[in-house]
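For reference, the structure is listed below as structure tokens.
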């Protein structure tokens, strides 16, 4: 008797995403769910053990033999990727990968990073202040040595800290200076968490510096907060570091009735070192296409699977794609 294809184990939860055939992948799926729950424990502080590393390889011997290591983490994980400790990793936003490629901003030397694909995420970074501060620009903070009470992320490795520091540095000061003037950091885990939304409601914070505008901007506007403007030439200087300029327009968010020139915070590129073999990159690209219906995509940001391999508004890419991506696209698109 012949049987076409591997035997599929009958499952109680048949509505589960389709898995490759074989019991080994049921075990792998179980491990993935365990990892998600352990890393996703809300009691773990941001900057703690909240990242995941996926290792594909052979466990058939007395020692694990990895063939592909993928992970999530901060922008400076690019050093580990380029040193061979990880094959590919996600970074948010795309601009910090640009800094790694050119050796600017957060990076003191250029790294041979290459893009494999970019998970679409359209976003911007905005600065808002309470009207009682009478602050109009970042330069005013330095000029007045204002003791700013700032709502920012509590994770010290969050990408927004790099941008905030770079913005302040353009005016000759840093976060430590603001704290020395009597300022205070009011940390929040989630961008619209209670540690932010309630203080905004009560007018207890002087300023908000963050991305993920869809989660908190409308609330801040409703509570009377105003935009802190970028000084003339400031966005151009940031663009030289790898950030893209952005403008949010009236109607982009509920309650927004004017345009605001700010900084782009889009794109979650999956990147690797330029030396990663083409066939490994092709395997990753093929996997993205094969599992596209199981990958979570944000409504409005996702414009089709082909776009994740392109430079678009939702997937900005200012770093070369890996040569393996070019070969994959030539074959895939015919």
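In the numbering used here, the protein residues as written are 41 to 374. Don't be surprised by glycine CBs; every beta carbon is placed ideally from N, CA and C.
Rounded separation between residue 168 and residue 60 - CA only: Between the C-alpha atoms of residue 168 and residue 60 there is a straight-line separation of about 48 Å.
Taking all protein chains shown into account, do 16 or more other C-beta atoms lie within 10 angstroms of the C-beta of residue 158, making it buried, or fewer, making it exposed? By the 10 Å Cβ count, residue 158 comes out buried.
Backbone secondary structure at residue 308 - three-state DSSP: When DSSP states are grouped into helix, strand and coil, residue 308 belongs to the strand group.
Sub-8 Å separation of residue 362 and residue 155 beta-carbons: Contact: yes.
Quick check on DSSP: helix, strand or coil for residue 159? Strand, per DSSP.
Assign residue 171 to one of three DSSP states: helix, strand, or coil. The answer is helix: DSSP assigns residue 171 an H, G or I state.
Give, in chain order, every unbroken run of the beta strand (DSSP E) that is at least 3 residues long and sits entirely within the stretch 193-232. As far as the stretch 193-232 is concerned, its whole beta strand (DSSP E) runs of at least 3 residues are 224-228.
Would you give the residue range spanned by the beta strand (DSSP E) that residue 58 belongs to? Per DSSP, residue 58 belongs to no beta strand (DSSP E) and is neither H nor E.
Should residue 283 be labelled buried (16 or more other beta-carbon atoms within 10 Å of its own) or exposed? A residue is called buried once 16 or more other Cβ atoms fall within 10 Å of its Cβ, and residue 283 is buried on that count.
Neighbour-count burial assignment, residue 6, 16 or more Cβ in a 10 Å radius: This structure does not reach residue 6, given that the chain is present from 41 up to 374, and the question cannot be answered.
Bridge partners of residue 300, per DSSP? DSSP lists 288 as partners of residue 300.
Looking at the structure shown, is residue 250 part of a helix, part of a strand, or coil, going by DSSP? Three-state result, residue 250: strand.
I need the straight-line Cα distance from residue 345 to residue 332, nearest angstrom please. So the two alpha carbons sit approximately 7 Å from each other.
Provide the residue span of the alpha helix (DSSP H) that contains residue 97, from first to last. That residue, residue 97, is in no alpha helix (DSSP H); its beta strand (DSSP E) goes 93-98.
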